[in-house]
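K.L.:
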Amino acid sequence: MLRAHLGRIAMAADAVVLSASPAAGMARPSYLAAVVPGVLALLLALAVRWGPRRHIGPATALAAAAMALLLWTMAGELAPLQRAIASLIWTSPAAFALVVGGYPRLTAHQRSVEVERARQEQRLHWARDLHDFVAHDISGIVAQAQAARFVAASRPEAAGPALERIEAAGLAALATMDRMVGMLHEPAGPAVRPLPALDDLPGLVDRFRGAGDAEVRLVQDPDLAAVPREVAAVAYRVVVEALTNVRRHAATARRVNVSVTGDASGVEIRVRNDAAASAPALRRRAGSGGRGLAGLREQVVAAGGTLSAGPDGRDWEVVAVIPGAAA
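For the sequence shown, full-length UniProt numbering gives the first residue as 1, with consecutive numbering after it.
1. Compare the Cα-Cα distances from residue 271 to each of 313, 91, 217 and report the closest residue.
2. Which class does residue 165 belong to by DSSP, given the choice of helix, strand or coil?
3. Does the distance from the CB of residue 71 to the CB of residue 86 come in under 7 Å?
4. Would a C-beta distance cut-off of 7 Å place residue 234 and residue 166 closer than the cut-off?
5. Pick helix, strand or coil for residue 307, following the three-state DSSP scheme.
6. Quick check on this structure: which residue in 202, 267, 112 has the alpha carbon closest to the alpha carbon of residue 331?
7. Which same chain residues end up closer than 7 Å to residue 90 when comparing Cβ atoms and leaving out the 5 residues on each side of it in sequence?
8. Can the beta-carbon of residue 60 be found less than 7 Å from the beta-carbon of residue 139?
9. Here's the rule I'm using: 16 or more other beta-carbon atoms within 10 Å means buried, otherwise exposed. How should residue 153 be labelled?
10. Would you check if the distance between the CB atom of residue 242 and the CB atom of residue 274 is smaller than 7 Å?
11. May I ask you to report which of helix, strand or coil DSSP gives residue 316?
12. Going along the chain, which residues of its own chain have a beta-carbon closer than 6 Å to the beta-carbon of residue 100, five neighbours each way excluded?
13. Give me, in chain order, the residues of the same chain whose beta-carbon lies closer than 6 Å to that of residue 83; leave out the 5 immediate sequence neighbours on both sides.
14. Going by DSSP in three states, residue 347 sits in which element: helix, strand or coil?
15. Taking just the CA atoms, how far does residue 19 sit from residue 97?
16. Could you check the C-alpha separation between residue 265 and residue 222 for me, to the nearest Å?
17. Taking the straight line between their C-alpha atoms, what separation do you get for residue 200 and residue 169?
18. For the putative contact between residue 197 and residue 232, defined by C-beta atoms under 8 Å, what is the C-beta separation to the nearest angstrom?
19. Within the segment 37 to 119, note down every full alpha helix (DSSP H) run reaching 4 residues or more, in order along the chain.
20. Smallest Cα separation from residue 127: which of 181, 207, 228, 263?
21. If you reduce the DSSP assignment to three classes, tell me which class residue 155 lands in.
22. How is residue 246 classed by DSSP in three states: helix, strand or coil?
23. Nearest by alpha-carbon distance to residue 249: which of 299, 260, 206, 311 is it?
24. Between residue 293 and the rest of its own chain, which residues show a CB-CB distance below 6 Å, the 5 nearest in sequence each way excluded?
25. How many Å lie between residue 207 and residue 162 at the Cα?
26. Pull up the distance between the alpha-carbon of residue 118 and that of residue 255, whole angstroms please.
27. Just list the residues that DSSP pairs residue 220 with in beta bridges.
28. By how many angstroms is the C-alpha of residue 55 removed from the C-alpha of residue 11?
29. When the Cα atoms are used, what is the spatial distance from residue 238 to residue 143?
30. With 16 as the cutoff for other CB atoms within 10 Å, does residue 297 come out buried or exposed?
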């Protein structure tokens, strides 16, 4: 409550000095010229440091005016120009108080802005992880459930393998969420999450292949072991997002080619599927469309690369090029 009224207290003191300055000029007590500006400067510094922001301007102006008027009334023996210059100089305690109170306040504000920016970046980071990995497994679960429902009547024997794949995808999603939640709840835990690697691509493609009827072909360059870890993580995310979009938006796709080539100088990812612009594979709530490609493009561009996605003849292709210097 005191902080909320610091500005008003400083302005009230300034108003008292302004109203009493004529009487002080007539009495001319010598101590007023030194003590009063110091007291006003102290109140102003406290108001600038801790008081409401809206009071800073009026309190500073009133303090400077009170200091100048006090000296003006007490320096009657000086020439008008000298009195004006002296009065102007006598406002320096107000400027000093503004700096003394304003600098730590500005520093604290900048620190809070940086903390909030870091928190926002962390929230976006976890949101990307949820989208890239958990959403990929969940979309596989939905696709398998829809397929099992359609074939349950005509091919009951196909329901068992579909349920096994649903169970595997669900366990993978739960494991990913457990790791993320565990790192959020453990302050003493690892500060850096293990990054996905290109060695994990065969397992990713196998899970995608098992969740549908499409023929999936993976081609990997033997020199990919030299790709920097950070670049490999972004490349892995590109493949995850591309395969997730195939499952969501290309229900009739029968052929998916995944090509990852590169070395220490960079990596190129190409994911191509047929049945471009087909009906969506998963029924989604209206207005719930994600921003997967947009967010992925931000990551690729931040790594110094480029990403394009669009139709190529009768196919759809996602192409990303990431330089090795991104590490």
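Ideal Cβ positions, reconstructed from N, Cα and C, are used throughout, including at glycine.
P.N.:
Looking at the coordinates:
1. 217
2. helix
3. yes
4. no
5. strand
6. Residue 331 lies beyond the range of the chain shown here (1 to 327); nothing can be said about it.
7. 37, 67, 68, 71
8. no
9. exposed
10. no
11. strand
12. 45
13. 72, 75
14. An answer regarding residue 347 cannot be provided, because it is not within the stretch 1 to 327 covered by the chain.
15. 22 Å
16. 14 Å
17. 15 Å
18. 5 Å
19. 56 to 74, 80 to 89
20. 181
21. coil
22. helix
23. 311
24. 309
25. 12 Å
26. 42 Å
27. 260
28. 8 Å
29. 20 Å
30. buried
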